[in-house]
Amino acid sequence: MSAPLSQDIHSDFQRRFGYEPLLVRAPGRVNLIGEHTDYNGGFVLPAAVDKEATFAVGLNESGQIRLVAHDLNETLELANAAEIAPSETHWANYLLGVAAQFQQRGVAVPGFDCVFGGTIPQGAGMSSSAAIECGLAFALNLLLKTNFDTMELARIAQKAEHTYAGVMCGIMDQFASLFGRDGHVVRLDCRSLEYEYFPFDTAAARIVLCNSGVKHSLASSEYNTRRQECERGVSVLQQHYPQVQTLRDATMEQLEAHRSELGGTVYRRCAYVVQENARVVTACQHLEDGDLAAFGQDMYASHAGLRDDYEVSCAELDVLVEAAKAAPGVFGARMMGGGFGGCTINLVAPEHVDGFIASVSAAYQEKLGLKLETYQTTIVAGVGAV
Ligand code: GLA
């Protein structure tokens with residue numbers, strides 16, 4: 001987060017509301033491996049990165065909720081904080097959904113003001129929506145002295161997404177934004193919610209994101225369908241193996257044994273998830289061994305599964321991964337996040353970053369006639385007061 005942006009947000013708040021706010025920053029995230037595993041009770045390996053949302057938040061005495069999207073120069077006012085409901089204004093729902101979750105937990109939410117803005121590209125699979133939810137949840141928790149622990153804030157933010165944005169997301173994005181640690185990736189077990197930090201040395205491998213420019217629309221599309229297909233798989237397996245609560249508990253042998261009963265599509269969805277979970281575990285071992293080449297192979301395998309079996313990639317993402325494979329100094333690449341657009345994540349040897357960006361940009365232009373935007377990210381700490 002550049003200091004100027006948080007100053008802009010701060011002065012915008014003061015100009016509009018005339019009192020001193022609390023300032024909070026909330027990062028977006030990358031995910032090295034473990035995609036579409038979170039809502040299946042599996043493993044993910046995200047990190048918070050230096051594309052962030054900034055908030056200025058304060059309690060007013062008026063009982064109103066006054067929200068400002070600084071970058072859009074749009075406002076939304078609600079006359080009575082006791083009567084929060086979903087809004088027609090898309091961005092406001094992430095904030096209102098969070099306030100509603102505080103109410104659900106028995107907190108009388110008083111009037112408050114919030115100005116937010118940031119540098120997380122939208123629709124890029126970097127969790128701009130989770131950052132918005134987490135930033136406000138953190139701010140309200142401090143201002144209202146509600147003392148929810150950080151995991152509960154993640155749940156509040158996730159629930160806000162379910163109820164006010166209509167996306168039945170897992171907990172990875174909100175967890176990553178809140179629990180990020182400078183210089184580390186974090187492996188979360190989405191079944192037990194236990195987590196472990198692994199050092200990630202960006203001096204050995206840079207994290208470069210290639211934005212396909214295709215805006216994913218998780219809500220309207222296939223995300224919720226994938227979730228249902230996985231649930232369908234679990235319900236079939238459960239009839240034979242009552243211990244299978246989520247796909248985390250399933251094995252490839254079980255899937256093979258009931259392949260025809262599952263049907264082709266559900267089988268492939270489930271097989272991808274079971275294999276991806278195993279990949280996260282081995283990838284972490286490779287990371288601990290300092291074996292980036294092996295880690296990168298896991299990333300390519302993850303992409304292949306997402307493309308062929310889970311079917312959440314798209315032509316643009318596939319071109320970007322193939323171009324990365326052909327470029328020198330690349331350890332691994334794959335699509336990142338929900339899919340159907342957004343970014344690829346690439347691990348690139350530092351001395352090859354410039355060449356990598358040049359050759360992937362050229363391939364994207366040549367094959368699809370599209371201009372590529374790239375971001376080099378560093379790993380930062382999770383949500384906090386500025
Ligand atoms: C989106 C969701 C996450 C996760 C990813 C796919 O980012 O918000 O919960 O399911 O997709 O891994």
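Residue numbers (this note's numbering): 1 to 386.
Backbone N, C-alpha and C fix where the C-beta goes; we use that ideal spot for every residue, glycine too.
Unbroken alpha helix (DSSP H) runs of no fewer than 4 residues, entirely contained in the stretch 289-337, are found at 292-308 and 315-326, following chain order. Three or more Cβ pairs closer than 8 angstroms define a contact, and the stretch 29-38 meets that threshold against the stretch 298-309. Taking residue 127 as reference, the option from 140, 152, 144 and 172 with the minimal CA-CA separation is 172. At a cut-off of 8 angstroms, the beta-carbon of residue 130 counts as near ligand 1: some heavy atom of the ligand is closer than that.
Between residue 143 and residue 114, the alpha-carbon positions lie close to 12 angstroms from each other. Here DSSP, grouped into helix, strand and coil, assigns residue 277 to helix. Not one heavy atom of ligand 1 falls within 8 angstroms of the beta-carbon of residue 195. Listed as beta-bridge partners of residue 60 by DSSP are no residues whatsoever. Taken from the Cβ of residue 39, at least one heavy atom of ligand 1 lies inside 8 angstroms. According to DSSP, residue pairing for residue 89 in a beta bridge does not occur. Between residue 293 and residue 331, the gap from beta carbon to beta carbon is short of 9 angstroms. Here the alpha carbon of residue 202 sits roughly 35 angstroms from the alpha carbon of residue 68. About 12 angstroms separates the CB atoms of residue 150 and residue 188; that is not less than 8 angstroms, and the two are not in contact. Between residue 81 and residue 164 a beta carbon distance of about 15 angstroms is seen, past the 8 angstroms cut, so the two are scored as non-contacting. Taking 9 angstroms as the cut-off, the Cβ atoms of residue 377 and residue 208 count as close.
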